[in-house]
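The structure appears right after this line, and notes come after that.
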Amino acid sequence: KNQVEQSPQSLIILEGKNCTLQCNYTVSPFSNLRWYKQDTGRGPVSLTIMTFSENTKSNGRYTATLDADTKQSSLHITASQLSDSASYICVVSAGNYGQNFVFGPGTRLSVLP
Amino acid sequence: DSGVTQTPKHLITATGQRVTLRCSPRSGDLSVYWYQQSLDQGLQFLIQYYNGEERAKGNILERFSAQQFPDLHSELNLSSLELGDSALYFCASSVEGQGAGSPLHFGNGTRLTVT
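Residue numbers (our numbering), protein chains in the order written: chain A, 1 to 113; chain B, 1001 to 1115.
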């Protein structure tokens, strides 16, 4: 069964600190992995998309890594800001054409002043 | 702004009723996806349309149906509503029908409350 797990479920950090969120998946065939940021009550916004051959992708203070061998991904947030408070969702695209999106449950990040 | 427009933003209705949620995809996007997000839950895929045709189906109840019109906007119809249908309903669009490499652009959702 295609599945995406994320840890931790929730995380509280102080403004300016770094943090790393984890994503493990059992999805086949793998097409790509995406990280989304979802503010409360809003639609998710794409942060990164990585294919099988990509190990790292950055978007400003967000850096995603992918280890296709161990089927793990991480999202590293540098110098956190209050506006980073949100849910971060790992999404794995499955199927030969990546047509099936499997969503993780998300990690809820709270950045405190 | 993602370019995806969903209306209405909020909807309150009674059990047993029927409602229609509307989505206008981002300009140029041919594919529309519908998702349900219950309180503090992850996004559940309901259905996908590509250029007017149904492309993939997820955990969509028989009481729910959708369609994509020639102008590419989409509607999600929910009937015989139950309390458990209360949720945020998101529409997303992408350029590619297979969604292989293009990002999904999400609207800000319709919050449905069934009383």
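Think of the CB as a built atom: it goes at the ideal place given N, C-alpha and C, for glycine as much as any other residue. In this text the structure is predicted, and so the values were computed from the model without any measurement.
Among A/Arg34, A/Ala86 and A/Thr40, the one whose alpha carbon lies nearest that of A/Thr65: A/Arg34
For A/Asp67, three-class secondary structure by DSSP: strand
A/Phe101 to A/Leu14 span [Cα, whole Å]: The alpha-carbon atoms of A/Phe101 and A/Leu14 are separated by roughly 32 angstroms.
Extent of the continuous beta strand (DSSP E) run through A/Ile15: Just to set this straight, residue 15 of chain A is Glu in the shown sequence, not Ile. Neither: A/Glu15 is in no beta strand (DSSP E) and is coded neither H nor E.
Option nearest A/Lys1 by Cα separation, candidates A/Arg108, A/Ser28, A/Leu82 and A/Pro44: A/Ser28
Neighbour-count burial assignment, A/Asp84, 16 or more Cβ in a 10 Å radius: buried
Best match in A/Leu112, A/Val111, A/Ser73 and A/Arg61 for proximity to A/Phe52 [C-alpha to C-alpha]: A/Ser73
Closest by C-alpha distance to A/Met50, when choosing among A/Gly41, A/Lys37, A/Ser31 and A/Lys17: A/Ser31
Paired residues, beta bridge with A/Lys1 - DSSP: Under the DSSP definition of a beta bridge, A/Lys1 lacks any partner.
A/Tyr36 versus B/Gly1016 - alpha carbon distance: 35 angstroms
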